[in-house]
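Quick note: the sequence shown uses full-length UniProt numbering, first residue 1, plus one each step.
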Amino acid sequence: MNSSVSSLAFHSGISGVQADFALKILRALMWRKDSANLLSFVISPSCLSIVLSMVHGGALGETEQEIRKLLGDDVIAAQFHFYAHQLLQKLIDHKQNYALELANKIFVKKEFGVQNEFRLFVDTHFGQNHVELVDFSGHHGKNINKLMDFLTRRKVQNCVRSETIGKFTNMLLVSAISFKGKWPFDFYSTCIHPMRFHISETLQKDIGMLHSIGTFKYLDNFDFQLLGIPFFDAELFLFILLPRQQFNLANLLAKLTGQMLLKIVAQCTEKEIYVNIPKFKLESEHYLKEALKSLGIVHAFGGRAQFGKITKHTLSNISISQIVQKAIFEIDEEGKEHVNASNCRSTNFVFKFIADHPFAFFVANGTCENIMMAGIFVGY
Numbered sequence: 001m002n003s004s005v006s007s008l009a010f011h012s013g014i015s016g017v018q019a020d021f022a023l024k025i026l027r028a029l030m031w032r033k034d035s036a037n038l039l040s041f042v043i044s045p046s047c048l049s050i051v052l053s054m055v056h057g058g059a060l061g062e063t064e065q066e067i068r069k070l071l072g073d074d075v076i077a078a079q080f081h082f083y084a085h086q087l088l089q090k091l092i093d094h095k096q097n098y099a100l101e102l103a104n105k106i107f108v109k110k111e112f113g114v115q116n117e118f119r120l121f122v123d124t125h126f127g128q129n130h131v132e133l134v135d136f137s138g139h140h141g142k143n144i145n146k147l148m149d150f151l152t153r154r155k156v157q158n159c160v161r162s163e164t165i166g167k168f169t170n171m172l173l174v175s176a177i178s179f180k181g182k183w184p185f186d187f188y189s190t191c192i193h194p195m196r197f198h199i200s201e202t203l204q205k206d207i208g209m210l211h212s213i214g215t216f217k218y219l220d221n222f223d224f225q226l227l228g229i230p231f232f233d234a235e236l237f238l239f240i241l242l243p244r245q246q247f248n249l250a251n252l253l254a255k256l257t258g259q260m261l262l263k264i265v266a267q268c269t270e271k272e273i274y275v276n277i278p279k280f281k282l283e284s285e286h287y288l289k290e291a292l293k294s295l296g297i298v299h300a301f302g303g304r305a306q307f308g309k310i311t312k313h314t315l316s317n318i319s320i321s322q323i324v325q326k327a328i329f330e331i332d333e334e335g336k337e338h339v340n341a342s343n344c345r346s347t348n349f350v351f352k353f354i355a356d357h358p359f360a361f362f363v364a365n366g367t368c369e370n371i372m373m374a375g376i377f378v379g380y
């Protein structure tokens, strides 16, 4: 298979819908509970899309329609499943080039059983061993965590809290992903020094910053700056969306659609820029049932769920009890090649990108059609 992410065979509408899905998830998760403050977090829209695609293959009626509307809009099921298969394959391919570990699982209550046709569907489109029959009683949460721990080579641990699982749990979707990219060049350690980061109008914090001068994808206008820094093989980029107004990120994201995001990335040109971005690591744990219900997937979580293609259990309808994702993202100074530390000195460059206030970020291919990870950084 061609290793280029851009070689994916897209339906004309899927990439825009998937970018829109990533933005909807960001907006749904960006606020701290009971607070007007933004939240730093990372999530993998790709992994979430993949596990939802798996159960979509077992859904019927309104349950199927709601999942498809969020993930693929008017795209027919066969095309979307092919897209999701390609997406998963690209993630697996990236494991060879990055510190990337991921696992996606559907855990079904043992008493319900799983139809052979559904197993065949998942095995065909997503690979084997994505569906597990489990006993949710007792301490089975520990066994789920041990399995996800093993599948991610201990990079992602304790995915599921014990209180998530109980006697009424009948289907649990779990994703785990850890990513640490390597740049094509070093941000030398001598170039890292604390800098004031403006968290809010009343709160600032000194954090370590990465400095570089280079030629990067770049676009700016009255509302924002957009920077695209390649990871070492240029298959994946870190895109940072930085509002011009320090604390205008929520308003900026509220107006941004998937098609607009693809458009502004396409409008980027190569510019020589002085770059100053935070060195940071985010580890986020998401319980996504309520967020997805707010985005239109309602029937899948209740008594009216229709997953008749997953199980023929006659005593009770099977529904999704919870969707859990744990995501870890890290960037630091490490690159494939060393550079002269003196090159990090700021000079009178026409273009400067100083990420010293809250921003959104995306780890994606060069056109941002495949958003592997997305998040918000507010300084802590």
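Each residue gets a CB set at the ideal place from its N, CA and C atoms; glycine is no exception. Bear in mind the structure is a predicted one, so any value in this text is a computation, not a measurement.
Backbone CA spacing between Gln-322 and Lys-271 [nearest angstrom]: 45 Å
To the nearest angstrom, report how far apart Arg-304 and Lys-312 are at their CA atoms. 15 Å
Cβ-based neighbour list, Glu-101, same chain, cut-off 6 Å, excluding 5 preceding and 5 following: Thr-152, Arg-153, Lys-155, Ser-178
Thr-257 in three-state terms, based on DSSP: Looking at Thr-257 - three-state DSSP - the assignment turns out to be coil, as it is neither helix nor strand.
Cβ-based neighbour list, Gly-58, same chain, cut-off 7 Å, excluding 5 preceding and 5 following: Phe-118, Phe-307, Lys-309, Ile-310
Inter-residue CB distance, Gln-245 and Ser-44 (contact presumed, cutoff 8 Å): Contact doesn't hold; Cβ gap of about 29 Å is too wide.
Nearest-angstrom Cα distance between Lys-142 and Asn-170? 17 Å
Just confirm the distance between the C-beta atoms of Phe-362 and Phe-239, as a whole number of angstroms; I'd bet it's less than 8 Å. 4 Å
Out of Ala-234, Leu-252, Leu-236, point me to the one whose CA is closest to residue 399's CA. There is no way to answer for residue 399, as the model of the chain reaches only from 1 to 380.
For Pro-184, which beta-bridge partners are listed by DSSP? DSSP, once it has assigned bridges, lists no residue as partnering Pro-184.
Could you tell me how far apart the beta carbons of His-193 and Val-275 are, in whole angstroms, since I believe they sit closer than 8 Å? Not confirmed; about 15 Å, so no contact.
Roughly how many angstroms separate the alpha carbons of Ala-22 and Ser-137, rounded to a whole number? 34 Å
Whole angstroms are fine: how far does the CA of His-130 sit from the CA of Ile-144? Put simply, the backbone Cα of Ile-144 is about 13 Å away from that of His-130.
Here's the rule: buried if 16 or more other CB atoms are within 10 angstroms of the residue's CB, otherwise exposed. What is Thr-190? Bear in mind that a pLDDT of 45 at Thr-190, under 50, signals an unreliable position, so the model cannot answer this.
Taking just the CA atoms, how far does Lys-109 sit from residue 384? Because residue 384 is not part of the residues shown, which for the chain are 1 to 380, the question remains open.
What does DSSP give as the partner residues of residue 384 in its beta bridges? Any answer about residue 384 is impossible in this case: the structure gives the chain only from 1 up to 380.
Quick one: using the 10 Å Cβ neighbour count with 16 as the cut-off for buried, is Thr-215 buried or exposed? Within a 10 Å sphere around the beta-carbon of Thr-215 sit fewer than 16 other beta-carbons, which makes this residue exposed.
Bridge partners for Phe-179 per DSSP, in chain order? Leu-100, Phe-329
Neighbour-count burial assignment, Gly-296, 16 or more Cβ in a 10 Å radius: Exposed, by the Cβ-count rule.
Where DSSP assigns a beta bridge to Ser-49, which residues make up the other side? DSSP output for Ser-49 lists no bridge partner at all.
Rounded straight-line distance, which links the Cα of Leu-226 to that of Arg-196: 21 Å
Tell me where the beta strand (DSSP E) around residue 391 begins and ends. Because the chain here runs from 1 to 380, residue 391 falls outside it and cannot be looked at.
Unbroken beta strand (DSSP E) run spanning Phe-359, endpoints: 359–364
Judging by CA-CA distance, which residue of Ser-175, Ile-213, Arg-161, Glu-201 is the nearest neighbour of Phe-351? Ile-213
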